[in-house]
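One structure is given here, and the rest of the page talks about it.
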Amino acid sequence: METVEYVVVGGGVAGTATAWRLAGRGADVVLLEADELASGASGGPGRRGVRAGGRDLRELPLVRRALELWPGLDAELGAPTGYRRNGLLSLYDVEIAGVSGWQSLPARVQAQRAAGVRCEIVERERLDDLQPGIGDEVRFAVHTPDDGTADHPATTRAFAKAAVERGARIREHTAVTKLVPGDTVTLELATGERLRATRKVILAANRSTPRLLADSFGISLPLWEKATQITFVAAPPGCTLNHQLGHPRRSLSVKMTDEGQVMLSGGRPGGWNPVTGAGTTDPSVLRTALSDLAATLPALAGAEVLAVDNSRADTSTIDLIPVVDAVPGFDRVLVATGWSGHGFALAPAVAEALASWALDGTRPEVLQPFTFARLGVGSV
Ligand SMILES: Cc1cc2nc3c(=O)[nH]c(=O)nc-3n(C[C@H](O)[C@H](O)[C@H](O)COP(=O)(O)OP(=O)(O)OC[C@H]3O[C@@H](n4cnc5c(N)ncnc54)[C@H](O)[C@@H]3O)c2cc1C
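Throughout, the numbering used here is defined as the position within the sequence shown, counted from one, plus 21.
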């Protein structure tokens, strides 16, 4: 049986980034990917937001560290991530009542600043200077200038390439079927082979993680899969977005792609079959996205729809923050999953923390909120 110090299961952004970090500290690492690199949530068209703005407050220390790391990644990895820091404007109108609306903005800004995230409330007049063409209903924005976007499959491949250059071995089309705990961890592979990890396994298989935990440890992790439908429309001549835009009440996120298309996302799900792992687009979600876009950026009303995609699902937890923790009762396996639709931005900091935990044996403080225990998960 082949023996290695560290095994990473899953070739998405979390797994490849962690393999890169581990290999950078001289560890003997193998990454196993069931399909191809970036074939899960870390793949697919468009761009992903790299944002601190609007995050759950428990994620702020982690995302602040991630935002420190992102600008240097292209140089460190020697490959492009497509990262652009163009700032996020989170838009608010006055029609919302309660704490989720504009009334909460001073409290949000105060909490984000306390966590080291630069941000400010922008009144309507100044908003027009930052981003012309926003619809009349919008009254305020929260500007987080250090937020941006990146190319998610390119980033995943860049981490993988750099990990290999540091000596990690990556095997695609190699699914792990079970982890057998003991003094070491034995991984059973779909190929019929077995692989022994003498130090740690990093389980970054996202959608497959609940099944692997159930089959290997008898642990029931309450996650579910959610595919976010995204739409691409043609930008009219002269229409440029200086920032990425978010409209929390409308569940709308608007980004410009490198090709000059306008990408709409924001969390509204299309259809998804968790058994087959196949998504279907939902016409009613498309209609809502287009009407939200027309209200938010009136110049884009009636824009030509170029593509609609619902091919990727992420995993969600009940409190919408991830699980990054050791398997209860078995600390040779560290798990990272349950990103709830916003794990891409965190990956550089999660990988740094996971690698440090795996190599040094101490759980980094920045991971403290992301426990199994908070979800009622313990060993059986
Ligand atoms: C449409 C959409 C939009 C999003 N937008 C944003 C955004 O704007 N900002 C943001 O921060 N995040 C965003 N996210 C979330 C983000 O993309 C994910 O949280 C992140 O990519 C998860 O990375 P991962 O490596 O954990 O999982 P994945 O990318 O899903 O990787 C898991 C990998 O494990 C492999 N695998 C599965 N089972 C096995 C097995 N048994 N053996 C070996 N390998 C296995 C899979 O094939 C897969 O490649 C979005 C997600 C989606 C779907």
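The beta carbon of each residue, even a glycine, is placed where N, CA and C say it ideally should be.
Assignment of beta strand (DSSP E) within the stretch 193-244, counting only whole runs of 3 or more residues, yields 197-202, 206-210, 215-224 in chain order. Excluding residues up to 5 positions away in sequence, L53, T195, A196, V197, T198, L216 lie with their Cβ nearer than 8 angstroms to the Cβ of L210 in the same chain. When secondary structure is reduced to three states using DSSP, E89 falls in the helix class. Ligand 1 has no heavy atom closer than 8 angstroms to the beta-carbon of T302.
Distance check between G31 and each of D56, Q124, R139 places D56 closest, using alpha-carbon atoms only. Apart from sequence neighbours up to five positions away, the residues of its chain that approach G75 with a beta-carbon distance below 7 angstroms are S111, G267, P269, ordered along the chain. In the three-state reduction of the DSSP assignment, A248 falls in the strand class, which pools E and B.
Taking all protein chains shown into account, S305 has fewer than 16 neighbouring C-beta atoms within 10 Å of its C-beta and is therefore exposed.
Just measuring C-alpha positions, the residue of G298, G288, Q265, R289 sitting nearest Q282 is Q265. A straight-line Cα-Cα distance of about 21 angstroms links L208 and A372.
Taking C-beta separations shorter than 8 angstroms and ignoring five residues to either side along the sequence, the partners of A320 in its chain run G154, P257, C260, following chain order. A distance below 6 angstroms between beta-carbons, with the five flanking residues on each side excluded, links R220 to the following residues of its chain, in chain order: E26, Y27.
The stretch 141-154 makes no contact with the stretch 74-91: fewer than 3 CB pairs, one atom from each, lie closer than 8 angstroms. DSSP, reduced to helix, strand and coil, places F180 within a helical segment of the structure shown.
Bridge partners of R69 according to DSSP: A171. Here A62 has G33, N227, R333, A334, D335 as same chain residues with Cβ atoms under 7 angstroms from its own Cβ, once five neighbours each way along the sequence are excluded. Distances taken from the Cβ of A357 to the heavy atoms of ligand 1 include one shorter than 8 angstroms.
Exposure of R145 is indicated by the presence of fewer than 16 other C-beta atoms within 10 angstroms of its C-beta. For D330, DSSP records a beta bridge to I251.
The beta carbon of W360 sits closer than 7 angstroms to those of D335, T336, P343, all from its chain and outside the five residues before and after it, given in chain order. Straight-line measurement puts the Cα of L244 at about 10 angstroms from the Cα of S229.
Along the length of the stretch 288-322, whole alpha helix (DSSP H) runs at least 4 residues long occupy 304-317, reported in chain order. In this structure the stretch 173-192 does not touch the stretch 346-361; the number of beta carbon pairs closer than 8 angstroms is below three.
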